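In this note's numbering, the protein residues as written are 931 to 1573.
For each residue, glycine too, the CB sits at the ideal point set by N, CA and C.
A quick note: this is a predicted structure, and the numbers were derived from the prediction, not measured.
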């Protein structure tokens, strides 16, 4: 099964639904209805017991009251059990076994047990749902950040206050001190400090100035900004974070899918054990106890409770995990394949030098290169886009971005090309000698004639050395630098950060081949990148990680994990969290299995007494609380990028 198939399978039905709210209106109605039925059944049952104890001659009335009480709560149990016959889930097993136990209780005339069993289990289900809303609260808090007012600057310069979801790409907005940034944008005027903790997990304010991109939902702590919107509110970084968190929570952990494969065999085994118990003991209460004791309540919750807690904690640390399956995969990663520009380096390239050909209009060429650079999210293109003001860009048509090579478009002067040497070679454009430069180099051509070289420079991220050292300490000693940049530049960066293996001048298909070779050689690589040319490699890796800041939309969509603040130290945090999750999950599964087996054995040997079925139901709810409590320990996980 491929990684994509596994992900889509993960995002199937889950008993406990998740969205931005605590519970959807439909779920609230369902829970309210079940609770109302349970309370009504409790009232009738209490009245029946009162009648039996204090008015013995009215035994038949007590039986009627208890019978009506059991019928009232039978509907939600039998309805869920019936639906689960068509779509088997672990929760469906519980409903089916409780339904069988109720049928058995009715058959032997134990109407009190028939009423109490579903009442106890209904309260147990409600407890489970209310205990699993921590991540929903996190999503709800994030969702509030997406809704705000925006100060739109009209064409005549006036300020109009509108809802941020009405903003369009290209709109200019004013953000004053204390305001939320209404949508992802680029600063065109002013400077300020921003609180981005709710998005990136970084507690230190971010200083921003003209030309920098900012997230919607960040809070302007001081200063005055004018921002040009580059993404509408619904497509903002924060909006994508919320969508991916919702997808992650709907996904089933791998162990849950594994257990669901054997649901049918498990039910048959339980019925067989219950039948043998009744045959040997001739005690219907022992038989009912076995059916109830075999309900895998704690086991059902052990995996999703742990996975959801892990995903929530990851988001708190600025790590967005697309599916619980990938949270588990990270624990077994043993190699790292990482991009250079925008990943190991800051990706905020700056122009060092321009080498024009003789006899050309340098101003025209500079503005054309900036106009073409503004059409791409590649770090090189973004650096060149700042060579002139956005209102001086030339109109372009038929814009085509060649992944890993460059950008082509048409303007009033003819075809223009911006990119690597290989792109000009493909287009049969004659090149002069390539200048010696220890950094990214890109060329520009107009109407089939080469016009000049743009020489840029980049710097390592300040946390790069620490991050790679932490990964080596965690067992990822095999590290490979995979970049489209030139060999000498790649080797210099690799030497500076302590990476031994280097593959340079790699096109997207080369990167894909490299990742596949790594997997074929028995390694389980984590692939980290930020550009469009990394998207194929990210999909091919066991786990693909995208940089949230500066990462292209395609890359973020291709990745399994997104580092919201693009802090490479989060890679080690993610691995430590994943391994911690696995230890807690293993403990939960073992405890759940032992607990269930112990209750079944006690029930089969009649050790639970005359009220064995009800005691078994109560014990299961206790085990559920234990599992949830153990999973909640994950919420205390706090990694400050240090071991």
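Can you tell me which of the three DSSP states residue 1143 falls into? strand
Sequence ranges, beta strand (DSSP E) only - wholly within the stretch 1333-1375, length at least 3: 1336-1341, 1344-1349
Return the CA-CA distance between residue 1211 and residue 1036, expressed in angstroms with no decimal places. 19 Å
Select from 1401, 1229, 1371 the residue whose C-alpha is nearest the C-alpha of residue 1387. 1371
I think residue 1268 touches residue 1458, with their Cβ atoms under 8 Å apart; what is that distance to the nearest whole Å? 4 Å
Assess, as a yes-or-no matter, whether the stretch 1146-1161 is touched by the stretch 1099-1108 under the definition of 3 or more beta carbon pairs within less than 8 Å. yes
Consult DSSP for residue 1568 and reduce its assignment to one of helix, strand or coil. coil
First through last residue of the alpha helix (DSSP H) which encompasses residue 1439: 1438-1450
DSSP three-state assignment for residue 1226, whether helix, strand or coil: coil
Per-residue burial, residue 1448 [other beta carbons within 10 Å of its own, 16 or more giving buried]: buried
Close Cβ partners of residue 1353 (< 7 Å) along its chain, the five nearest in sequence each way excluded: 1332, 1335, 1336, 1347
Give the secondary structure of residue 1535 by DSSP, where H, G and I count as helix, E and B as strand, and everything else as coil. coil
From the DSSP output, in three-state form, read off residue 1214 for me. helix
Please report the distance separating the alpha-carbon of residue 1122 from that of residue 1279. 22 Å
Measuring straight from C-alpha to C-alpha, what distance separates residue 1507 and residue 1427? 24 Å
Please tell me whether residue 1049 and residue 1101 are closer than 8 Å, where the distance is taken between their beta carbons. no
Helix, strand or coil at residue 1403 according to DSSP, with G and I counted as helix: helix
Straight-line Cα distance separating residue 1368 from residue 1266: 25 Å
Do you know offhand how far residue 1452's Cα is from residue 1401's? 19 Å
Same chain, Cβ closer than 6 Å to residue 1315, five either side skipped, listed in chain order: 1300, 1303, 1304
Could you check what DSSP says for residue 882 in three-state terms: helix, strand or coil? Residue 882 lies beyond the stretch modelled for the chain, which goes from 931 to 1573, so this question has no answer here.
Length at least 3, wholly inside the stretch 1237-1309: the beta strand (DSSP E) runs in chain order: 1249-1251, 1265-1268, 1280-1286
Distance, Cα to Cα, residue 1425 vs residue 1090? 53 Å
So what does residue 1455 bridge to, in DSSP terms? 1265
For residue 1555, I'd like the list of residues in its chain whose CB is within less than 7 Å of its CB, leaving aside the five on either flank, ordered along the chain. none
Would the beta-carbon of residue 1256 fall within 8 Å of that of residue 1381? no
Residues near residue 931 by beta carbon distance below 6 Å, same chain, minus five either side: Legend: pLDDT at residue 931 = 49, less than 50; position of this residue unreliable, no value from coordinates given.
Evaluate the contact criterion for the stretch 1287-1295 versus the stretch 1485-1499: three or more CB pairs, one atom per stretch, below 8 Å. no
Thinking just about the alpha-carbon of each residue, which of 997, 1411, 1393, 1222 is nearest to the one in residue 1542? 1222
Quick check on this structure: which residue in 1041, 1512, 1225 has the alpha carbon closest to the alpha carbon of residue 992? 1041
Bridge-paired residues (DSSP) for residue 1477: 1493
Among 1283, 1405, 1274, 1395, which residue has its Cα nearest to the Cα of residue 1509? 1405
Counterpart residues of residue 1092 in DSSP-defined beta bridges: 1080
Can the beta-carbon of residue 1521 be found less than 8 Å from the beta-carbon of residue 1546? no
Any idea if residue 1471 is buried or exposed, counting beta-carbon neighbours within 10 angstroms, 16 or more meaning buried? buried
Is residue 943 buried or exposed, if buried means 16 or more other CB atoms sit within 10 Å of its CB? Only weak support exists for where residue 943 lies, its pLDDT of 34 falling under 50; the coordinates are left without a value.
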